[in-house]
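Okay, structure first, notes after.
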Amino acid sequence: MGLSLLSFIYLVGSVTFILGLKMLSHPDTARKGNLVAAAGMTLAIIGTIFLYEENGERLHNHLWIFGGLLIGSITGWIAAKKVKMTAMPEMVSLFNGMGGACAALISINEYGHLVGRDAAQGTLLTILLGLIIGSVSFAGSIIAWGKLNGRIKDFAFKGQQIGNIILLLLTLAAAAYLLFNLNNDNYWLFYIIFVAALVYGVMFVLPIGGADMPVVISLLNSFTGVAAACGGFLYNNQVMLTGGILVGAAGTLLTMLMCKAMNRSLTNVLIGSFGGSSAAAAGTKG
Amino acid sequence: MESFFDWVHNNHAIIYIVILSIFLGIEVIGRVPSVLHTPLMSGANAIHGVVIIGAIIVMGRVDPDNYIALIIGFLAVILGTLNVVGGFMVTDRMLEMFKKKK
Chain A
1 MGLSLLSFIY
11 LVGSVTFILG
21 LKMLSHPDTA
31 RKGNLVAAAG
41 MTLAIIGTIF
51 LYEENGERLH
61 NHLWIFGGLL
71 IGSITGWIAA
81 KKVKMTAMPE
91 MVSLFNGMGG
101 ACAALISINE
111 YGHLVGRDAA
121 QGTLLTILLG
131 LIIGSVSFAG
141 SIIAWGKLNG
151 RIKDFAFKGQ
161 QIGNIILLLL
171 TLAAAAYLLF
181 NLNNDNYWLF
191 YIIFVAALVY
201 GVMFVLPIGG
211 ADMPVVISLL
221 NSFTGVAAAC
231 GGFLYNNQVM
241 LTGGILVGAA
251 GTLLTMLMCK
261 AMNRSLTNVL
271 IGSFGGSSAA
281 AAGTKG
Chain B
287 MESFFDWVHN
297 NHAIIYIVIL
307 SIFLGIEVIG
317 RVPSVLHTPL
327 MSGANAIHGV
337 VIIGAIIVMG
347 RVDPDNYIAL
357 IIGFLAVILG
367 TLNVVGGFMV
377 TDRMLEMFKK
387 KK
């Protein structure tokens with residue numbers, strides 16, 4: 001009974017996410033849409049805590065789970081209530097970073113269970129993807145947050161774009177190597193990949209002008225969506241999968257729409273600051 | 287090549303979900319007016335907070351005497367909750383502001 005009820009709850013949750021996004025894109029229904037999605041999320045969280053089971057075993061450590069939920073809720077509540085209206089975008093960026101970090105931490109914990117056992121390659125692949133995407137999103141969002149509130153200045157040097165691409169390729173190559181050769185001698189490579197992904201996230205956002213931050217936050221937002229979907233693959237969990245992929249797809253489209261509204265192209269935003277074009281000028285002002 | 291087809295066959299339900307969700311995600315926000323870009327981004331941000339479910343599952347399966355894993359899981363639950371609660375509340379406050387303008 002428990003598990004079938006949970007499946008139904010996840011189905012309801014997925015539908016509320018779709019409805020929520022739909023309603024959020026019309027001015028009249030937007031506020032209600034947000035509440036609909038929030039209700040579905042609450043249902044899915046409560047259902048998971050009490051009904052989830054694996055091989056007939058329920059979840060334990062309830063004290064830790066409720067403790068974390070309580071601390072997170074109170075902090076999030078206060079932060080969201082106190083933030084000034086003008087500082088909203090940077091708050092969104094900060095919360096987005098938290099989601100990315102959450103995905104990365106899930107991967108780290110799951111990897112810890114994996115070492116020394118025979119791991120299925122699919123499992124390892126989703127763990128690695130969740131780690132890399134989550135870390136990039138976390139580090140990038142924190143930098144975007146710092147830029148919007150003026151704590152971090154634009155920083156660009158010659159060859160940064162090429163350096164970034166090389167760093168990304170090296171990270172992906174290390175991940176691919178680990179995927180096919182995981183053993184007790186090279187398990188630490190995972191943590192190097194983690195650090196490299198964090199560094200890449202920082203270097204990716206640093207040169208982009210401050211005025212372009214909303215677009216970058218939207219892009220990182222869709223990254224976190226994909227990282228959440230990796231968790232969905234890992235646990236074969238439909239609500240994480242649909243929620244994550246929906247946000248990944250909608251976020252990517254939204255990023256492009258935002259660029260269009262600014263009469264720019266995405267490539268222009270991402271590498272624009274380097275050519276000394278309008279992006280750099282706008283960036284120094286922002 | 288055959289192993290690829292096997293993989294598709296064994297995971298066809300999930301692959302269908304992913305592909306249909308991609309199209310759905312694009313269609314469902316296709317006509318959003320530009321004033322709603324930021325609230326929609328914020329709402330989508332809250333929805334990917336669904337990653338909290340993964341954090342709860344991780345936390346709930348850790349051995350009670352594995353302290354490193356407990357702490358990492360605990361952090362993940364806190365961060366995920368921040369994403370969900372903060373995300374929905376910030377979106378609500380943004381949309382509240384829209385009402386007042388009218």
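Chains A and B supply the protein sequences, listed in that same order. Taking my numbering, the leading residue of the first sequence gets 1, the next gets one more, and so forth. Taking my numbering, the leading residue of the second sequence gets 287, the next gets one more, and so forth. Yeah, the Cβ is synthetic: ideal placement off N, Cα and C, and Gly gets one too.
Close to I301 of chain B, with beta-carbon spacing below 8 Å, lies no residue of chain A; the smallest spacing is near 11 Å.
Put simply, the CB of D351 of chain B is far from chain A, with every gap to its CB atoms at 8 Å or more. In the assembly as shown, W145 of chain A is a buried residue. Its beta-carbon has 16 or more other beta-carbons within 10 Å.
DSSP places R347 of chain B within a helical segment (H, G or I) once states are collapsed to three. By the beta-carbon neighbour count (other beta carbons within 10 angstroms, threshold 16), N184 of chain A is exposed. Any Cβ of chain A closer than 8 Å to the Cβ of H323 of chain B would place that residue at the interface, and such an atom is present.
Taking C-beta separations shorter than 6 Å and ignoring five residues to either side along the sequence, the partners of T242 of chain A in its chain run S14, following chain order. Cβ proximity to chain B below 7 Å picks out M98, G99, A101, C102, A103, L105, I106, I108 and N109 from the stretch 97-109 of chain A. Contact annotation: in the stretch 29-41 of chain A, residues whose CB is within less than 8 Å of a CB in chain B are A30, R31, G33, N34, L35, A37, A38 and M41. Among the CB atoms of chain B, one or more fall inside 8 Å of the CB of T242 of chain A.
Linking F50 of chain A to D349 of chain B through their CA atoms gives a straight-line distance of about 18 Å.
For R58 of chain A, the three-state secondary structure derived from DSSP is strand. Using a Cβ distance threshold of 8 Å, V205 of chain A and V216 of chain A count as a contacting pair. Listed in chain order, the beta strand (DSSP E) elements of length 3 or more contained wholly in the stretch 196-247 of chain A amount to none.
Between P89 of chain A and chain B, the shortest Cβ-Cβ separation is below 8 Å. Under the DSSP assignment, V92 of chain A falls in the alpha helix (DSSP H) whose first and last residues are M88 to L114. The Cβ atoms of G248 of chain A and G225 of chain A lie closer than 8 Å to each other.
Looking at A:L172, A:T171, A:S73 and A:G100, the one whose alpha-carbon comes closest to that of A229 of chain A is A:G100. For R31 of chain A, the enclosing alpha helix (DSSP H) begins and ends at A30 to L51. From the beta-carbon of Y235 of chain A, the residues of chain B found nearer than 7 Å are G340 and I343. In the three-state scheme derived from DSSP, where H, G and I count as helix and E and B as strand, P27 of chain A is classed as coil. The Cβ atoms of G372 of chain B and A80 of chain A lie closer than 8 Å to each other. Here W77 of chain A carries a helix assignment [DSSP, helix/strand/coil].
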